[in-house]
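Residue numbers (our numbering): 1 to 333.
Notes for the one structure printed next.
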Ligand code: AQP
């Protein structure tokens, strides 16, 4: 008997070039799920404008983000891939969900608190209701799993709470989604401030590695990563945040566990370790960079993928949206 595949949904903002954090925490896992699950991946441009963007730059980054997702291995024959603003049902569902989300619960979101502190001159209501739009992204497709980094766990839990509340009020409608968070690399830290998450919008370029960085730049950034003065490669997040962060990156890049890594660099200084970390990153991302460069020259192909993805997504999205509209009492003819 054929069983229906579980559904996966995830998105990424076109707010910059993907960092190693975005890659390790989320995007790297997306192609790995394509065979086992029914996958839907989205470039969430509407989330991006919660922070001021330059319009031309946002358009360019949206296109580049789609190219990068394809370069990391997303196969449009297996997965649905599209741009959020091309599927208006996301914002339509978001409105209904916002009437089922509480002001208090949105105010508790850590990302809202962090981003409103960082952009104190622009605490717009979109920044506040961002998690409701994210809930709509997920619930619109009845996704079972949401592969994200640890920073998004709270938002997925909120989506689950909103879904449950809606189901209790209006009868069973939404699947309750679960976050799918990698065991290692769920929170890649800044290379300059290893107690802070690596972010693509960080103003200090030395704090992150982006997937388009050249080998020279990667070596320089890793060499200048903040560590400690002990000189021992040992996993200890509390006391050795910088080294532990590099060990997490190296572990994901090579498949080696922390014990093996500690043994490999026993008695050697941080210089040798950092060189190995940089090389492991360069080797891993080289094929992605080659494919990305090739895809950027094929704009027509990317547009075709996104157009077709949006059509398929709209078809799926309409099914849930009309069910929701009927349940809340909107007249339909
Ligand atoms: N440092 C990180 N470690 C692990 N995972 C991470 N993610 C982001 N940073 C890390 C995961 O990447 C996915 C896409 O993130 P996003 O673009 O939707 O927004 P974000 O979480 O706000 O990522 P950034 O890089 O920090 O973007 P900006 O600087 O624009 O805010 C998510 O699954 C996220 O968990």
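Glycine included, every Cβ here is placed at the ideal spot set by N, Cα and C.
Check, Outcome
"Under 7 angstroms: does the beta carbon of residue 281 sit that close to some heavy atom of the ligand SAH?", "No copy of the ligand SAH occurs in the structure displayed; its ligands are the ligand AQP alone."
"The alpha helix (DSSP H) with residue 31 in it runs from where to where?", "29-32"
"Taking 8 angstroms as the limit between beta carbons, can you name the residues of its chain near residue 69, skipping five residues before and five after?", "12, 27, 30, 41, 43 and 81"
"Looking at the strands, I want to know which residues DSSP matches up with residue 81.", "41"
"Please state whether DSSP places residue 187 in a helix, a strand or coil.", "coil"
"Report yes if the C-beta of residue 12 is less than 7 angstroms from at least one heavy atom of the ligand AQP; otherwise report no.", "yes"
"Give every residue of the same chain whose Cβ lies closer than 7 angstroms to the Cβ of residue 101, excluding the five residues on either side of it in the sequence, and list them in chain order.", "132 and 162"
"With burial defined as no fewer than 16 other Cβ atoms inside 10 Å of the residue's Cβ, what is the status of residue 240: buried or exposed?", "buried"
"Determine the extent of the alpha helix (DSSP H) in which residue 9 is found, giving its start and end residues.", "Where residue 9 is concerned, there is no enclosing alpha helix (DSSP H), although the beta strand (DSSP E) it sits in stretches over 7-12."
"Which residues bound the beta strand (DSSP E) around residue 180?", "178-180"
"Does the distance from the C-beta atom of residue 23 to that of residue 211 stay below 8 angstroms?", "yes"
"Helix, strand or coil, according to DSSP, for residue 287 in the structure here?", "helix"
"Within a Cβ cutoff of 7 angstroms, which residues of the same chain sit near residue 176, ignoring the five residues on either side of it in sequence?", "160, 163 and 164"
"Counting C-beta neighbours from all protein chains within 10 Å, is the total for residue 315 16 or more, i.e. buried, or is it exposed?", "exposed"
"So what does residue 146 bridge to, in DSSP terms?", "179"
"Just to confirm, does residue 188 get its C-beta within under 7 angstroms of one of the non-hydrogen atoms of the ligand AQP?", "yes"
"Can the beta-carbon of residue 149 be found closer than 8 angstroms to that of residue 108?", "no"
"Going straight from the alpha carbon of residue 290 to that of residue 328, what length do you get?", "49 angstroms"
"Would you report the Cα separation of residue 25 and residue 90, rounded to the nearest angstrom?", "24 angstroms"
"Does the beta-carbon of residue 332 have 16 or more other beta-carbons within 10 angstroms, so that it is buried, or is it exposed?", "exposed"
"Return helix, strand or coil for residue 214, following the three-state DSSP convention.", "coil"
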